[in-house]
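Numbering-wise, the sequence shown is residues 34 to 256 according to our numbering. Even for Gly, the Cβ is constructed at its ideal location relative to N, Cα and C. These numbers were taken from a predicted model, which means no experiment stands behind them.
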Amino acid sequence: MSDTAKFDITEVQAIATRVIKDPAGFYRHMPREGGYSQPLLFITVIAIFTGLLFAMLSLIGGPYLGGATGGLLSVILLPIGMILGCLVASAILFVIWKLMGSTQGYETAFRCQAFAGSIVPITALLSMIPYLGSIAAVAWGSWLLIHASVEVHGIGRQKAMIVFSILGLLLIYSNVSNERMMRHMADRAAHMESNAEETLQNMENMSPEEAGRALGEFLKGLE
């Protein structure tokens with residue numbers, strides 16, 4: 034791909050393969066400049082592919098992936114979210130790398146972050162296993178950023194490992210806590226739906242007084 038943003042799926046695949054198999058070598062030879070078109074197109078293609086993957090997983094993934102509706106929305110919303118997230122994350126990384134002594138600009142930080150998105154389709158598959166996707170995404174992403182710190186920004190490996198290990202552990206704790214909360218809410222919603230169906234079925238054979246008491250108990254359980 035060149036900065037004219039021509040679509041070339043084979044080069045997208047080649048870049049992703051290099052990032053996954055040899056991150057140190059990839060970042061060592063990654064152009065520091067050249068415009069935003071190449072990394073933007075790359076992350077867009079990865080996001081669309083991941084959105085389609087989530088759409089397929091949603092058919093078998095139960096309520097945690099939002100079902101068919103959530104899968105359809107992921108095809109539309111995930112590319113937008115990943116691009117915006119990449120822009121924001123790059124700004125944060127730019128500041129972190131500057132504080133660590135880097136002389137590279139924001140564009141370089143954006144390229145490092147965008148190409149690190151190569152792992153997203155794999156971590157999307159791992160998300161089918163509770164908590165594994167969240168942990169793998171942060172741990173693997175931190176490992177890539179350590180290589181980017183050393184090979185692109187000229188930061189010592191020990192310093193890079195300390196900084197991104199600490200940040201990674203904090204993010205893992207946050208992600209796991211959020212996923213636990215979301216899964217708890219999904220379980221509770223499914224339980225409430227089951228109770229509602231059972232209550233409605235039972236109310237058909239109840240007297241008005243009994244139906245009123247049953248409905249009151251159900252509403253009390255929602256509190």
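Same chain, Cβ closer than 6 Å to residue i, five either side skipped, listed in chain order
{"i": "Ser182", "result": "Ile188, Ala193"}
{"i": "Phe127", "result": "Tyr139, Ala142"}
{"i": "Ile81", "result": "Pro112"}
{"i": "Ser272", "result": "The structure shown does not extend to residue 272, since the chain is modelled only from 34 through 256, so no value can be given for it."}
Nearest-angstrom Cβ-Cβ length linking residue i and residue j, presumed shorter than 8 Å
{"i": "Ile76", "j": "Gly150", "result": "5 Å"}
{"i": "Ala157", "j": "Leu85", "result": "That belief does not hold up - the Cβ atoms of Ala157 and Leu85 are roughly 10 Å apart, past 8 Å."}
{"i": "Gly174", "j": "Ile152", "result": "7 Å"}
{"i": "Leu159", "j": "Ala169", "result": "5 Å"}
{"i": "Val196", "j": "Cys145", "result": "Rounded, the Cβ-Cβ distance is 14 Å, inconsistent with contact."}
{"i": "Arg65", "j": "Gln137", "result": "6 Å"}
Coarse secondary structure for residue i, derived from DSSP in three states
{"i": "Tyr60", "result": "helix"}
{"i": "Thr136", "result": "coil"}
{"i": "Arg51", "result": "helix"}
{"i": "Tyr164", "result": "coil"}
{"i": "Ile188", "result": "coil"}
{"i": "Tyr206", "result": "helix"}
{"i": "Glu66", "result": "coil"}
{"i": "Leu73", "result": "helix"}
{"i": "Leu159", "result": "helix"}
{"i": "Leu92", "result": "coil"}
Residue i classed as buried or exposed, judged by whether at least 16 other C-beta atoms fall within 10 angstroms
{"i": "Gln191", "result": "exposed"}
{"i": "Thr50", "result": "exposed"}
{"i": "His62", "result": "exposed"}
{"i": "Thr43", "result": "exposed"}
{"i": "Met218", "result": "exposed"}
{"i": "Met215", "result": "exposed"}
{"i": "Val78", "result": "buried"}
{"i": "Pro56", "result": "buried"}
{"i": "Gln46", "result": "exposed"}
{"i": "Val121", "result": "exposed"}
{"i": "Leu90", "result": "buried"}
{"i": "Ser210", "result": "exposed"}
CB contact below 9 Å: residue i versus chain D
{"i": "Leu204", "result": "Among the chains in the structure shown there is no chain D, since it carries only a single protein chain."}
Closer than 8 Å: residue i CB and nearest the ligand SAH heavy atom
{"i": "Phe143", "result": "For the structure depicted, the ligand SAH is absent and the ligand set is empty, with no information on it obtainable."}
Own chain, CB closer than 8 Å to residue i, minus 5 neighbours either side, in chain order
{"i": "Ile109", "result": "Gly84"}
{"i": "Ala172", "result": "Gly201, Ile205"}
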